[in-house]
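Peer 1:
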Amino acid sequence: MQYFVVMIDYGRRGREAVVDPEITRREVISRIASGEYRNVSFIHEIAGSSVEDVTEAILTEATLPRIPPEDVDLQAIRLDHAHDLRKHERT
Numbered sequence: 319m320q321y322f323v324v325m326i327d328y329g330r331r332g333r334e335a336v337v338d339p340e341i342t343r344r345e346v347i348s349r350i351a352s353g354e355y356r357n358v359s360f361i362h363e364i365a366g367s368s369v370e371d372v373t374e375a376i377l378t379e380a381t382l383p384r385i386p387p388e389d390v391d392l393q394a395i396r397l398d399h400a401h402d403l404r405k406h407e408r409t
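In our numbering, the protein residues as written are 319 to 409.
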């Protein structure tokens, strides 16, 4: 039997251990990504009689990739600015 223990820290209000044998690794990742699980202290994977700390691996999988803006957007901003300057010129 394999399951995950997710320890959530609520600060002064205490901690909560979420233990549900039916939750899969994929569900834990989706709950972290959606914000349902916040302030996670640790995540342990329990399989049989062994315990493994998988906190870093799951938190890494749950983060969304950062996509930088494209140069086309920057060029459009420059053109809009130049247009605004021409529009407000005194004639």
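From the three backbone atoms N, C-alpha and C, an ideal C-beta is built for every residue, glycine too.
By the three-class DSSP mapping on this structure, what secondary structure does E370 have?
Peer 2: E370: strand per DSSP, three-state reduction.
Peer 1: By DSSP, does E363 sit in helix, in strand, or in coil?
Peer 2: Residue state, collapsed to three classes: strand.
Peer 1: Taking contact to mean at least 3 C-beta pairs separated by less than 8 Å, is the stretch 354-364 in contact with the stretch 397-409?
Peer 2: No, the stretch 354-364 is not in contact with the stretch 397-409.
Peer 1: Is the beta carbon of E370 less than 9 Å from the beta carbon of H362?
Peer 2: Cβ distance < 9 Å, so E370 and H362 count as in contact.
Peer 1: I'd like to confirm the pairing. Which residues does DSSP put opposite I341 in its beta bridges?
Peer 2: Note: I341 sits in no beta bridge, so no partner.
Peer 1: When you compare the CB positions of F322 and I364, do they come within less than 9 Å of one another, or not?
Peer 2: Cβ atoms of F322 and I364: closer than 9 Å.
Peer 1: In whole angstroms, give me the CA-to-CA distance for G329 and A394.
Peer 2: G329 and A394: Cα-Cα distance of roughly 46 Å.
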